[in-house]
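**Student:**
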Amino acid sequence: MRLHRLAVTAFGPFGTTQDIDFDALSSAGLFLLHGPTGAGKTSVLDAVCYALYGAVPGARQSPGTSLRSDHAPVDVPTEVRLELTVGGRRLEITRRPAQPRPKRKGSGFTTEKAQSGLREHRPDKGWQPLSRSHQEIGEEITQLVGMSREQFCQVVLLPQGDFARFLRADAEARGKLLGRLFDTRRFAAVEERLAELRRTAEAQVRAGDERIVGTAQRIAQAAGPVAGTPLPDTRPGEPGLADGVLEWAATARSGARERLDIAASALTMAETRRAAALGDLDRARELAALQQRHEETLRRSAAVEARRPGHEENRDRLARARKADLVAPALDLRDEAERAYHAALA
């Protein structure tokens, strides 16, 4: 936005028309508005704000105050006309507040309603009227400037009293003053939201760290004395806990893998010795069985030897019985002949 010309009439301390050529002032790129107290420096800025938004900053727009100059003749109306370029468009805004004026007929005064006018300068047609509606002009200017009156007053028209207070204030007071001037509530809300997210993230990190520590403690408990190095003494939520636990776990895993390889080698050797022992056991069992059979054979042989005399006697009796068996028929015939003889004799 660039200001070109401001004309104020019967406004604030200015009883007559004052015309300010901003193009001439800003030809060097920067100008200073200065003067003694009460000269109307703030009123110039108030006039700019009034032309743009139909109201002046802060308490100067409070009820009971008037924008009309007490030094102006009664027949001179209060008016502010501002010519500016904003959004690539050259506009002229004219505003008149509600004010008393002499009656056209008779004596006394009547209150004239507030008036507003908006014109746009076009290279081919010159000045063209756009609107005389307060609402339409306000919406158009707010859209082109991109700020409301409150934002414009807080960002562009920094009150000089507050600025001097700001220069003399300490850090805490400056923060409060800047918060009041520039309405930092949205930033405070963002800061609070970020702090809430930070607290949530810290709680999540602390919960994750506690799970990590719990898992590491279970690993250390399962590993026992062979775990090697002790757990890191970092508490949940402190930086570096996860890295420390991961490093400890990597060391413990390396040691466990080494001990696993040693145990696997010992297991292989034990299995080899077990297989050899099983072979020895089988051979010992076979030898024991043979020895038992040998002992049984010896026992049976001794028993046979012990029964040898009886066996010899029985064999002799058997031989005699076989010989006797050969003469048994003749003896039977003899017995039968003897019975027949006795029968014949009888």
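Using our numbering, the first residue of the sequence shown is number -19, and each one after it goes up by one.
Every residue gets a Cβ at the ideal spot worked out from N, C-alpha and C, and that includes glycine.
Remember, it's a predicted structure, so these values are computed and weren't measured experimentally.
(1) How would you call Tyr321, buried or exposed, if buried means at least 16 neighbouring beta carbons within 10 angstroms?
(2) Nearest by alpha-carbon distance to Arg99: which of Ser128, Asp50 and Val66 is it?
(3) Under 8 Å by Cβ, that's how I've got Phe(-9) and Thr58 pegged, so tell me the actual separation to the nearest angstrom.
(4) What residue from Leu(-17), Arg280 and Glu238 has the CA that sits closest to Ser7's CA?
(5) Pull the bridge partners of Asp1 from the DSSP assignment, please.
(6) Under the rule that 16 or more other beta-carbon atoms within 10 Å means buried, what is Ser87, buried or exposed?
(7) Which partner residues does Pro82 have in the DSSP bridge list?
(8) What are the start and end residues of the beta strand (DSSP E) that includes Thr65?
(9) Where does the unbroken alpha helix (DSSP H) through Thr74 begin, and where does it stop?
(10) Among Arg84, Glu119, Val(-12) and His291, which has the Cα closest to the Cα of Glu333?
(11) If distances are taken between C-alpha atoms only, which option among Gly9, Pro216, Pro16 and Arg48 comes closest to Ala27?
(12) Give me the Cβ distance between Pro216 and Arg186, rounded to the nearest whole Å; I'm assuming they're in contact under 8 Å.
(13) Can you grab the Cα-Cα spacing for the pair Pro77 / Ser46, in whole Å?
(14) Output the boundary residues of the alpha helix (DSSP H) element that contains Ser234.
(15) Does Gln272 pass the burial test, meaning 16 or more other C-beta atoms within 10 Å, or should it be called exposed?
(16) For Pro53, which beta-bridge partners are listed by DSSP?
(17) Mapping the DSSP letters down to three states, classify Glu190 as helix, strand or coil.
**Tutor:** Concretely, from the data shown:
(1) exposed
(2) Val66
(3) 6 Å
(4) Leu(-17)
(5) Arg(-15)
(6) exposed
(7) Phe89
(8) Glu59 to Val66
(9) Looking at the DSSP string, Thr74 is not in any alpha helix (DSSP H); the run it does join, the beta strand (DSSP E), is Arg69 to Arg76.
(10) The shown model of the chain, from -19 to 326, leaves out residue 333, and the question about it has no answer.
(11) Arg48
(12) 5 Å
(13) 9 Å
(14) Leu221 to Ala286
(15) exposed
(16) Looking at the DSSP assignment, Pro53 forms no beta bridge with any residue, so it has no partner.
(17) helix
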